[in-house]
Each structure stands twice: as C-alpha cells, then as structure tokens.
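Shown next, in structure tokens, is the structure this report addresses.
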Amino acid sequence: MLTVNAFAAPSATAPLVKTTIERRDLGPNDVLIAIAYSGICHSDIHTVRGEWGPVQYPLVVGHEIVGTVAEVGSAVSLHQVGDRVGVGCMVNSCRECENCLAGEEQYCLKGNTGTYAAVDLDGTITQGGYSTHVVVVEDFVLKVPESIPFEAAAPLLCAGITTYSPLAHWNAGPGKKVAVVGMGGLGHMAVKIAHAMGAEVTVLSQSLSKQEDGLRLGADSYYATSDPATFDKLANTFDLIINSVSALIDINAYLGLLRLDGTLVSVGAPAEPLPVQVFSLFGNRRSFAGSGIGSIRETQEMLDFCAEHGIAPETELVAADYINEAYERVLASDVRYRFVIDVATLA
Ligand code: NAP
Ligand code: ZN
Ligand code: ZN
4 MLTVNAFAAP
14 SATAPLVKTT
24 IERRDLGPND
34 VLIAIAYSGI
44 CHSDIHTVRG
54 EWGPVQYPLV
64 VGHEIVGTVA
74 EVGSAVSLHQ
84 VGDRVGVGCM
94 VNSCRECENC
104 LAGEEQYCLK
114 GNTGTYAAVD
124 LDGTITQGGY
134 STHVVVVEDF
144 VLKVPESIPF
154 EAAAPLLCAG
164 ITTYSPLAHW
174 NAGPGKKVAV
184 VGMGGLGHMA
194 VKIAHAMGAE
204 VTVLSQSLSK
214 QEDGLRLGAD
224 SYYATSDPAT
234 FDKLANTFDL
244 IINSVSALID
254 INAYLGLLRL
264 DGTLVSVGAP
274 AEPLPVQVFS
284 LFGNRRSFAG
294 SGIGSIRETQ
304 EMLDFCAEHG
314 IAPETELVAA
324 DYINEAYERV
334 LASDVRYRFV
344 IDVATLA
C-alpha cells in the first residue's frame, strides 16, 4: 500500500479537507501515476454533496487527471515510466457484456467502475484525482499528446470527451447548426470542438456576460436565454443542441429550437428530473437524448483530435486549499472555464 496526500469530502455538507488515503500495491496490469493536475468537474460537486444519491465518506473526487507514469506492473505493455498520461471518469468495466464487447465500456451493463465513489474489484471504494497518486489498470489509462499544454489538459478527460462523444455521434460538422446551452466547463469545450468539427455554433447562455469569450472560442453567434425574444428568434433552427446545464431548465422551450429531425442531447445532469412535454417532440419529429462520457477508444480519439486542431481547455490553475472556494464559484457560474488543481500544492 502507498499512503498519499489527498483532499477529501468528510460529509455532504462539510468543506473538503487535506488528508491521506491508501493506494493499492501495483498488480501486474496496473500503472502508478504521479498526478500533476486534476480538474474540478461539476459532477464532483453533485457527488460529494449527495445530490445523485448517497456516497461513502470520506470521499476523494476528481476524474480529470493528468500525470506521469511513476511505476508499471510486470505485465504492463501500453505505458512506460515517464509517459504523460491521463485518467477520466472510469477505471474499469466488466469487459464481457454486450456493450463492453462493442467497445462502449462507458455503458457497461454491470456499470463501469467510476474513478471515484464506485466499488472497485477488490471491494474498496474508488478514490479520485484530488490526490498525488493513483493506481489504474493500464487499458483505462490514456496517452496525453505532447502538444497539449499539460496544465490545461486535465479537463479533456471529462469535459472534453463528454462533449466530443455526442458531437461525433450526432454528426456535428459542416452544414450542421449546433447550439450549446450553458458555457461552463463542458459547454466551452463543446463550443471549441463543434467549431473544429466544422459546424455552425451558437451559444445559449443565461446572459451575454461571456459573449466575447464565446465568439473567441469559436461560436458564430451568442444569445442570452434570459431574453424571451431569443426563443422566438431561434425557433426551428438547430440540428443538434447540447445541453450542458447543471440545473433544472425548461427543456421544452429548448426543444422548440430544433429543426426537422433535430436532437437535443442532455449531458448536464441536474439532481431533479427534466420534465419533457411529448408535444414538444411531435413538431419537427424531434428527439430528446442523453449521453454519458465516452469510451476509452473515443477518449484517445478526442485527445488526438484536440492535439491536431490545437484545442485546449481554458483553465484557472488553483492550489488545493482553494478547492472549497472554487466549488462556490462553479455553483455561481463564475468559472472561466475550468478550475484545475495544481497537485504539487498537495505534496
Ligand atoms: P459548470 O462548469 O458549472 O457549467 C454549467 C453551466 O450551466 C454554467 O456555467 C452556466 O452557464 C449554466 N447554468 C448553471 N446554472 C444554471 C441555471 N440555473 N440555469 C441556466 N443555466 C445554468 O458545470 P460542468 O462541469 O460543465 O457540468 C455541467 C453538467 O454536466 C453537470 O450537471 C455535470 O454533472 C454534468 N456532467 C455530465 C457528464 C456526462 O457524462 N453526461 C459528464 C460530466 C459532467 P452560463 O453561465 O453560460 O449560463
Ligand atoms: Zn466530470
Ligand atoms: Zn460490461
């Protein structure tokens, strides 16, 4: 066992605190990663506050991890000591169900093993990336291309893949009109990636306060959803809408913005149900869909796509002892556009 420093939530309501956790001894297929940077995803906040259901405390979250391989197990062939690597939202899956065999292990029928708050193969609860080291089985470890700045790369492991996957699946590209609802961690990556895929991109944000940034990141237009005229003006417009909002919104108003055969994909995961009025779907034969992270294969594809297109997240680097304040700023939509923990400050 390796005892490592970490930042953990002691309960659903108490601030996160510095502590230590144990990492397992390396198995033959395991990789020990010295974590350099760890992103703060809104899912971390939903999870530690128990908004998605009860979890076991103390809990270390964080599933946007980049670091350097420090040690490899005897049978590891994919990674070498010194490699720049990443870990996203899952660290294992059953490998034998229909979805795993189809290479879509994020949809493992037995439930993929989440990077935190999941039951690991040895029965322990997985602990995430707000820590100095993590041990992960080699085929759930990604290669981070050299051209992506390391301190900005971590958010690709969740925000990047979670938006890349539906954009690719629903064929965002030239001739397609894509809207992104909410320009936070996921939303700003959706803008960059959809633009790089060649789609015409519109941001639908609560206000126009981030308009200049949105246009700089690749949006063609930007509207405030607080202005009711936006919904009249954009009715029947989009082929694809990516909803990245962490809170409840009037989803029916957004469905009205889809053109014939358009799809609204919700990647945002509020604690409450999003009530869909079926009549909102009848017009224009609209679809309402969801999408969860992405497979390991697709995550590597996304990392390589971002390297090729010079895409990196917009980040604010913070010390570990700023995590609680960062959470409050995420909740206030005051994030430009992803907090990343400098894990050196945890050492
Ligand atoms: P985030 O950085 O907080 O961004 C969410 C954005 O939603 C905010 O920046 C804000 O954008 C908008 N927003 C927040 N509250 C709102 C409200 N009350 N009404 C309207 N808009 C509001 O969060 P994130 O890390 O991108 O995560 C977004 C959601 O995706 C979370 O629920 C998270 O759990 C979920 N998620 C899902 C997956 C998946 O696999 N499907 C993976 C990762 C995360 P504006 O200021 O531009 O309006
Ligand atoms: Zn996430
Ligand atoms: Zn499976």
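Residue numbering for the sequence shown is 4 to 350, as defined by this note's numbering.
The C-beta atom is built at its ideal place from N, Cα and C for all residues, glycine as well.
As a quick exercise: from the options, pick the residue whose alpha carbon is nearest that of residue i.
| i | options | result |
| --- | --- | --- |
| Ser-80 | Leu-124, Val-137, Val-144 | Val-144 |
| Glu-25 | Ser-14, Ala-39, Phe-10 | Phe-10 |
| Arg-288 | Glu-304, Leu-258, Gly-313, Thr-129 | Leu-258 |
| Val-268 | Ala-15, Trp-173, Asp-324, Glu-319 | Trp-173 |
| Ala-250 | Pro-273, Asp-223, Thr-118 | Pro-273 |
| Val-138 | Tyr-225, Leu-35, Ser-212, Asn-327 | Leu-35 |
| Phe-241 | Val-346, Leu-160, Arg-52, Leu-207 | Leu-207 |
| Leu-243 | Ala-162, Tyr-225, Asp-264 | Asp-264 |
| Ile-164 | Lys-195, Gly-131, Phe-153 | Lys-195 |
| Asp-416 | Val-51, Asn-8, His-45, Val-58 | Nothing in the structure corresponds to residue 416, since the chain is present only between 4 and 350. |
| Val-63 | Thr-50, Val-75, Gly-56, Ala-73 | Thr-50 |
| Gly-126 | Gln-303, Arg-27, Ile-344, Ala-350 | Arg-27 |
| Val-58 | Glu-74, Ile-128, Leu-104, Leu-19 | Ile-128 |
| Thr-179 | Pro-316, Met-93, Arg-262, His-312 | For the sequence presented, residue 179 should be read as Lys rather than Thr. Lys-179 has its Cα closest to that of Arg-262, out of Pro-316, Met-93, Arg-262, His-312. |
| Gln-83 | Gly-188, Gly-70, Tyr-330 | Gly-70 |
| Phe-285 | Leu-260, Ser-212, Gly-56, Ala-175 | Leu-260 |
| Gly-53 | Ile-68, Tyr-60, Val-72, Ala-15 | Ala-15 |
| Asp-324 | Thr-302, Leu-334, Glu-304, Ala-347 | Ala-347 |
| Ser-224 | Glu-108, Gln-214, Phe-153, Glu-74 | Gln-214 |
| Ala-436 | Thr-302, Val-94, His-312 | As shown, the chain starts at 4 and ends at 350. That puts residue 436 outside it, with no answer to give. |
Is DSSP giving residue i helix, strand or coil here?
| i | result |
| --- | --- |
| Val-94 | strand |
| Ile-326 | helix |
| Lys-179 | coil |
| Thr-165 | helix |
| Ser-134 | strand |
| Arg-1 | It is not possible to answer for residue 1, since the shown part of the chain is limited to 4 through 350. |
| Ala-73 | strand |
| Lys-21 | strand |
| Ala-37 | strand |
| Thr-16 | coil |
| Arg-219 | helix |
| Thr-6 | strand |
| Asp-242 | strand |
| Thr-50 | helix |
| Gly-190 | helix |
| Tyr-110 | helix |
| Tyr-257 | helix |
| Asp-125 | coil |
| Leu-211 | coil |
Could you check whether the Cβ of residue i sits closer than 7 Å to any heavy atom belonging to ligand 1?
| i | result |
| --- | --- |
| Ser-224 | no |
| Cys-97 | no |
| Val-248 | yes |
| Met-93 | no |
| Gly-187 | yes |
| His-172 | no |
Cβ of residue i versus every heavy atom of ligand 3: is any distance shorter than 7 Å?
| i | result |
| --- | --- |
| Glu-102 | The sequence shown places Asn at residue 102, rather than the Glu named in the question. Asn-102: yes, Cβ under 7 Å from ligand 3. |
| Ala-309 | Per the sequence shown, the amino acid found at residue 309 is Cys instead of Ala. Checking the Cβ of Cys-309 against ligand 3 gives no. |
| Cys-111 | yes |
| Glu-108 | yes |
Straight-line CA distance for residue i to residue j?
| i | j | result |
| --- | --- | --- |
| Ala-256 | Phe-234 | 7 Å |
| Ile-413 | Ile-252 | Because the chain in this structure spans residues 4 to 350, residue 413 falls outside the shown range and cannot be described. |
| Val-248 | Gly-271 | 5 Å |
| Val-140 | Thr-116 | 11 Å |
| Ile-254 | Leu-277 | 7 Å |
| Ser-290 | Thr-205 | 19 Å |
| Ala-197 | Thr-135 | 33 Å |
| Gly-42 | Glu-328 | 14 Å |
| Phe-342 | Thr-318 | 6 Å |
| Pro-13 | Arg-339 | 27 Å |
| His-66 | Val-88 | 13 Å |
| Ala-39 | Gly-132 | 10 Å |
| Ala-322 | Thr-22 | 15 Å |
| Gly-85 | Ala-222 | 37 Å |
| Ser-96 | Ala-157 | 22 Å |
| Leu-237 | Val-7 | 51 Å |
| Leu-19 | Pro-148 | 32 Å |
| Ile-314 | His-191 | 11 Å |
| Leu-320 | Leu-5 | 27 Å |
| Arg-98 | Gly-106 | 9 Å |
| Ile-68 | Glu-331 | 21 Å |
| Glu-304 | Thr-266 | 23 Å |
| Cys-100 | Lys-113 | 8 Å |
| Arg-3 | Glu-108 | Residue 3 falls outside the range modelled here, since the chain spans only 4 to 350, and no answer is possible. |
Within 7 Å: the Cβ of residue i and any heavy atom of ligand 2?
| i | result |
| --- | --- |
| Ser-46 | yes |
| His-66 | yes |
The segment 64 to 81 / the segment 29 to 48 touching (three or more Cβ pairs under 8 Å): yes
Using 8 Å as the Cβ pair cut-off and three pairs as the minimum, do the segment 137 to 155 and the segment 168 to 177 touch? no
For the structure I just gave you, are there three or more beta carbon pairs, one from the segment 191 to 206 and one from the segment 284 to 296, closer than 8 Å? no
Does the count of Cβ pairs from the segment 274 to 284 and the segment 304 to 319 closer than 8 Å reach three? Pairwise C-beta distances place the segment 274 to 284 out of contact with the segment 304 to 319, as fewer than three of them are shorter than 8 Å.
Does the segment 181 to 192 touch the segment 116 to 127, meaning 3 or more C-beta pairs lie closer than 8 Å? no
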